[in-house]
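Sequential numbering from 9 applies to the sequence shown in this note's numbering.
Virtual Cβ for every residue (Gly too), placed ideally from N, Cα, C.
Note that the coordinates shown come from a computational prediction; the quantities given were computed from them, not determined experimentally.
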Amino acid sequence: MLDTPIESLPLRQDKDKIKIIKKYLNIKKYKDILYFYPKNYIYTKKKISDLYKIYNKNKYFNNFNNITIKIKGIIKKLKIFNKKEKKILLAYFFDNTSSDYIFLIWFKKFFFVKNIINKNIIIIGKIKFINNRFQIIHPLIKKEIKKNNNYNIFKLYPEYSLKNKIKKYGIDNDFIIKIIKNIIKILKNKIKENLPLFIIKKFKILNKEESLNKIHFPSSIEDLQKSQYRLTFEKLFFYTLIYIIRKKKIYNNYPFKKIGYYFKNFYKNLLPFNLTESQKKVFKEIRIDLNKKLQMNRILQGDVGSGKTIIAVMSMLLALDNNFQSCLMVPTEILAVQHYFFFKKMLNKIGINIVLLTNKINYKKEILKKINNGIINIIIGTHSIINNSVKFKKLGLVIIDEQHRFGVIQKSKFWCKNKKPPHILTMSATLIPRSLHLSLYKKQTKLSILNDLPNNRKKINTIHFYEDKKIKVYKFVQKIIDLKKEQVYFIYPLVKNNNKKYENIENAYKNIFSFFNKKKYKIDILHGGMNYIEKKKNILKFLKGKIQILLSTTIVELGIDNNNASIIVIHNAEKFGLSQLHQLRGRVGRNNNKNYCFLLTKNNMSLKEKKRIKILCKNNDGLKISKKDLKIRGYGDLMGIKQSGFNNFLKKIKKIYLYKKILKDVKKSIFFIMKLNIIDSIKIDKKYKKKIIFSNIN
9 MLDTPIESLP LRQDKDKIKI IKKYLNIKKY KDILYFYPKN YIYTKKKISD LYKIYNKNKY
69 FNNFNNITIK IKGIIKKLKI FNKKEKKILL AYFFDNTSSD YIFLIWFKKF FFVKNIINKN
129 IIIIGKIKFI NNRFQIIHPL IKKEIKKNNN YNIFKLYPEY SLKNKIKKYG IDNDFIIKII
189 KNIIKILKNK IKENLPLFII KKFKILNKEE SLNKIHFPSS IEDLQKSQYR LTFEKLFFYT
249 LIYIIRKKKI YNNYPFKKIG YYFKNFYKNL LPFNLTESQK KVFKEIRIDL NKKLQMNRIL
309 QGDVGSGKTI IAVMSMLLAL DNNFQSCLMV PTEILAVQHY FFFKKMLNKI GINIVLLTNK
369 INYKKEILKK INNGIINIII GTHSIINNSV KFKKLGLVII DEQHRFGVIQ KSKFWCKNKK
429 PPHILTMSAT LIPRSLHLSL YKKQTKLSIL NDLPNNRKKI NTIHFYEDKK IKVYKFVQKI
489 IDLKKEQVYF IYPLVKNNNK KYENIENAYK NIFSFFNKKK YKIDILHGGM NYIEKKKNIL
549 KFLKGKIQIL LSTTIVELGI DNNNASIIVI HNAEKFGLSQ LHQLRGRVGR NNNKNYCFLL
609 TKNNMSLKEK KRIKILCKNN DGLKISKKDL KIRGYGDLMG IKQSGFNNFL KKIKKIYLYK
669 KILKDVKKSI FFIMKLNIID SIKIDKKYKK KIIFSNIN
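1. Applying the 10 Å Cβ sphere with the 16-neighbour rule, what's the burial state of N277?
2. Could you compute how far the alpha carbon of K136 sits from the alpha carbon of T248?
3. What are the start and end residues of each continuous alpha helix (DSSP H) run of 4 or more residues lying completely inside the region 293-353, in chain order?
4. Using the beta-carbon count (16 or more within 10 Å), is S634 buried or exposed?
5. I488 and I408: beta carbons closer than 9 angstroms?
6. Does DSSP put M435 in a helix, in a strand, or in coil?
7. Using only alpha-carbon positions, find the residue among F679, Q556, A581 and L631 that is nearest to H472.
8. Just to confirm, is the Cβ distance from I110 to I28 under 9 angstroms?
9. Could you work out which residue in I125, K127, L112 and I149 is closest to I138 when comparing CA atoms only?
10. Would the beta-carbon of E582 be found less than 8 angstroms away from any heavy atom of the ligand FAD?
11. Where does K289 sit, in a helix, a strand or coil, going by DSSP?
12. Can you check DSSP and say which residues form a bridge with S560?
13. Rounded to a whole number of angstroms, what is the C-alpha to C-alpha distance between S334 and L458?
14. With DSSP collapsed to three states, give me the class of Y604.
15. Are there 16 or more other CB atoms within 10 angstroms of the CB of Q21, so buried, or fewer, so exposed?
16. Let me check understanding here. Comparing Cα to Cα, which of L364, F400, I252 and L355 lies closest to K377?
17. Buried or exposed for K583, please, with buried defined as at least 16 other CB atoms from any protein chain shown within 10 angstroms of its CB.
18. Going along the chain, which residues of its own chain have a beta-carbon closer than 8 angstroms to the beta-carbon of I533, five neighbours each way excluded?
19. Among I307, L298, K200 and G315, which one has its Cα closest to the Cα of T284?
20. Taking V596 as the reference, give the member of N525, L279 and I468 with the closest Cα.
21. Any idea which residues DSSP pairs K454 with across the strands?
22. Helix, strand or coil for Y68 per DSSP?
23. Shortest alpha-carbon distance to I296 belongs to which of I319, L308, I307 and P263?
24. Might you give, ordered along the chain, the residues of its own chain that have their beta carbon closer than 8 angstroms to the beta carbon of L607, omitting 5 neighbours on each side?
25. Excluding the 5 residues flanking I393 on each side, which residues of the same chain have their C-beta closer than 8 angstroms to its C-beta?
26. Distance, Cα to Cα, G313 vs N381?
27. Once the 5 residues before and after I77 are set aside, which same chain residues still bring their CB inside 6 angstroms of it?
28. Just checking my contact of Q556 with Y529 at CB under 8 angstroms: how many whole Å lie between their CB atoms?
29. So who's on the other strand from R238, going by DSSP bridges?
30. CA-CA distance, I692 and D231?
31. Among D311, Q236 and Y32, which residue has its Cα nearest to the Cα of K47?
32. Excluding the five sequence neighbours on either side, which residues of its own chain have a C-beta within less than 6 angstroms of the C-beta of L403, listed in chain order?
33. Cβ of H146 within 9 angstroms of Cβ of F115?
34. Using beta-carbon positions only, say whether S397 and H412 come within less than 9 angstroms of one another.
35. Could you give the first and the last residue of the continuous alpha helix (DSSP H) run that contains K200?
36. Mark Y269 as exposed unless 16 or more other C-beta atoms lie within 10 angstroms of its C-beta, in which case mark it buried.
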């Protein structure tokens with residue numbers, strides 16, 4: 009019943025409105041609207057004394073989470089305090105029913121309060137209990153409130169978070185209330201309990217149906233707190249259970265005990281250069297991981313040119329020595345082809361079956377058959393590798409290059425490619441906020457760092473200019489091409505002019521000749537909309553020096569290695585994220601000359617955009633940039649698929665001031681389950697089941 013489409017609601021006259029909430033609020037099923045909790049509640053009881061009674065009855069609920077108080081009364085007394093050279097106004101607010109009062113506090117712009125003392129007013133604001141007294145900071149003051157019948161129906165009127173764009177369609181708070189009431193009526197006695205019954209009895213928890221009713225329509229503050237307790241307990245309970253199951257899963261894996269012919273032969277006879285100290289250290293860490301029954305879950309961070317690929321080669325040879333297949337997944341076809349030829353060149357003398365797998369390969373059926381039979385030892389490819397049609401005989405190791413370009417769902421597909429999850433090594437110059445958080449703070453993922461760079465890698469001078477100064481940059485580019493015969497990347501966010509805010513290749517190609525003489529300079533383009541043959545042709549021309557200025561999208565971010573390119577000019581740099589900007593900058597700096605990255609932005613950037621540009625100009629280290637990116641963007645959802653952003657669930661539960669009690673009770677319940685050894689018999693709700701895999705993905 010919870011999965012019933014929202015369109016089936018018996019509200020014919022509101023069908024158009026239901027389509028709008030489906031589109032803009034992503035509410036598709038009954039369960040979506042049930043889990044669309046109110047952001048706030050307006051408490052419409054008239055007595056201040058009631059608030060103190062509730063508090064004294066339940067002292068561990070030491071604050072009223074997300075509750076807005078609306079009470080009529082008068083201000084009888086004012087006090088002004090000086091604190092650190094700032095004035096604070098304290099007002100005593102009574103409702104004329106008892107001697108109980110609330111403190112109203114203003115830190116600024118409070119001179120109007122003198123005009124309303126001893127006059128009947130209505131105060132509206134979030135209430136807190138501090139120093140034995142309820143208080144509201146900067147309350148809204150009104151002489152009267154617009155009539156709303158629902159205020160009178162509910163003691164706690166629920167308010168929902170609605171986007172402005174849907175309000176113009178006549179969708180307001182009362183419409184959401186109407187829908188939820190209908191769904192609750194339809195689902196009466198049909199919502200299944202997902203917590204074990206002995207847990208519900210032991211901790212006196214509301215059942216699932218009752219908690220969902222009361223989170224939307226609580227008849228009292230106690231009701232609201234009980235429903236918040238139940239729903240938060242449920243999430244924390246299942247998340248803790250998932251963490252324990254995850255640990256059991258990863259502790260039962262394939263160890264690579266043997267160092268055999270393939271690795272020894274390559275290391276002694278075919279390795280074309282000496283490993284750097286950090287490469288030796290990193291490979292030792294990987295070797296120790298692969299030797300255990302515990303699944304390896306490691307991130308390899310290293311800037312462009314630090315030697316991540318050779319670590320991948322050696323790790324895959326260890327898998328082969330232990331009779332396992334391995335695969336390397338990369339985000340683009342260009343990069344897949346580049347890696348394929350690198351591996352073939354490195355390993356052609358020791359008879360290893362390596363195959364390239366992309367969507368455009370014609371003989372795919374034959375390849376898939378050989379992978380399934382175990383004839384193919386190493387598979388290198390794009391997203392094609394995670395297709396359901398790709399079945400391995402014995403997959404032991406998965407390496408994901410440029411892991412910041414893949415989503416959690418894509419990476420999680422490898423967990424189902426074998427009876428036991430394979431060892432996972434992900435590689436990137438700039439880590440996703442989620443990955444960095446898992447490795448640095450949660451310790452769920454191990455982090456290896458390659459901090460030695462080849463001798464020819466130089467620091468790249470990163471300079472920011474506003475777009476109105478771009479001619480200055482162009483003159484500098486012209487000078488470098490003329491004097492040093494070096495090549496240049498011009499990067500644009502768009503191919504066509506479908507967004508007037510940003511520069512695009514189509515316009516740039518027409519206009520660039522007004523500055524760079526068409527007869528004198530060789531200029532061409534590269535973008536994802538071109539077919540593979542055109543792209544390959546232009547890349548080769550650029551690598552051979554037949555193109556001096558390459559106008560491109562971010563397609564060049566990966567897989568293009570041109571030692572003669574010393575300048576990259578990024579138009580609308582404010583549009584790109586830190587990871588992408590750092591990767592783009594890595595296209596230059598591969599020679600002994602001075603290298604430059606020019607960031608051209610619009611003048612009216614947001615504070616976040618300015619912050620990103622400043623970070624990039626000051627830092628060349630990918631790990632430092634990732635750490636700063638984590639602070640700006642947040643680490644996402646460690647149990648879900650978001651790889652950045654701030655975890656609203658954690659924010660909400662930390663605001664629920666009974667959080668410590670819930671956490672304590674969850675720990676007790678899990679301890680009790682482990683003591684009885686019944687973890688495997690507890691059914692995990694569908695809603696949480698997929699998170700067992702997601703919680704492992706870095």
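Put simply:
1. exposed
2. 31 angstroms
3. 316-329
4. buried
5. no
6. strand
7. A581
8. no
9. The option with the nearest alpha carbon to I138 is L112.
10. Among the components of this structure there are no ligands whatsoever, and the ligand FAD is therefore not found.
11. helix
12. I499 and L534
13. Rounded to whole angstroms, the gap between the alpha carbons of S334 and L458 is 22 angstroms.
14. Secondary structure at Y604: strand, using DSSP grouped into helix, strand and coil.
15. exposed
16. F400
17. buried
18. Closer than 8 angstroms at Cβ, skipping near neighbours: I513, Y517, N546, L558, L559 and S560.
19. G315
20. I468
21. R306
22. Confidence at Y68 is low in this model, with a pLDDT of 45, below 50, so the placement of that residue should be treated as unreliable; the coordinate-derived value is given next. Residue state, collapsed to three classes: coil.
23. P263
24. Closer than 8 angstroms at Cβ, skipping near neighbours: T470, I471, H472, F473, I578, A581, L589, I621, L624 and C625.
25. C335, M337, L365 and I387
26. 36 angstroms
27. Y51 and I135
28. Your pair Q556 and Y529 checks out as a contact, with CB atoms roughly 5 angstroms apart and the cut at 8 angstroms.
29. Answer is none; R238 lacks a bridge partner.
30. 26 angstroms
31. Q236
32. Q333, K425, N426 and P430
33. yes
34. no
35. Careful: K200 lies outside any alpha helix (DSSP H) and carries neither H nor E.
36. With fewer than 16 other Cβ atoms within 10 Å, it is exposed.
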